[in-house]
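Structure first, commentary second.
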Amino acid sequence: MEQNVILVILGMLFASNGLWGYITFKASRKQDKEEKDNDLKEAVVSILHDRLFQGLKFFINENQVSTEEFANIKCMYDPYRKLGGNGTVKILYERLEEILVQPKEKEQEDEDER
Numbered sequence: 052m053e054q055n056v057i058l059v060i061l062g063m064l065f066a067s068n069g070l071w072g073y074i075t076f077k078a079s080r081k082q083d084k085e086e087k088d089n090d091l092k093e094a095v096v097s098i099l100h101d102r103l104f105q106g107l108k109f110f111i112n113e114n115q116v117s118t119e120e121f122a123n124i125k126c127m128y129d130p131y132r133k134l135g136g137n138g139t140v141k142i143l144y145e146r147l148e149e150i151l152v153q154p155k156e157k158e159q160e161d162e163d164e165r
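Numbering (the working numbering), first residue to last: 52 to 165.
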């Protein structure tokens, strides 16, 4: 007898729209969060791409980069690469690595004054 009552109650719970509605609501919220997370990731990658592209092109055209400037570029490049950034920035980054890391003229003057 008790088994029949439990089965009836379970059947009512699973058949009810309220429970099914709750399950679908939770599933859609999870999907919405995943979509927002993906959109946020894409936005971050886009911003990093823009900053890296501009900075890398500038230093490559200057044909020099200070240690601090290179550290700043690397600080942006590492997360960009981990987030799946494309090969355009990678090529520019590798070109910048080939450039000898040199102090800028002002930094050189400061060192000469010491």
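From the three backbone atoms N, C-alpha and C, an ideal C-beta is built for every residue, glycine too.
Discussion item. Considering Cα atoms alone, identify which of V95, N112, K133, L99 is closest to I124.
Written reply: L99
Worksheet item: Straight-line CA distance for S117 to Q82?
Response: 45 Å
Worksheet item: Buried or exposed: which applies to L103, given that a residue is buried once 16 or more other Cβ atoms fall within 10 Å of its Cβ?
Response: buried
Practice prompt. Output the distance between the C-alpha atoms of Y128 and Q115, rounded to the nearest integer angstrom.
Written response: 18 Å
Worksheet item: If you draw a straight line from the alpha carbon of K92 to that of L58, how long is it in whole angstroms?
Response: 46 Å
Worksheet item: Between which two residues does the alpha helix (DSSP H) harbouring V140 extend?
Response: 138-149
Discussion item. Which same chain residues end up closer than 7 Å to V95 when comparing Cβ atoms and leaving out the 5 residues on each side of it in sequence?
Written reply: Within the same chain, V95 has close Cβ partners L134.
Practice prompt. Taking the CB atoms as reference points, tell me whether L107 and Y144 lie closer together than 8 Å.
Written response: yes
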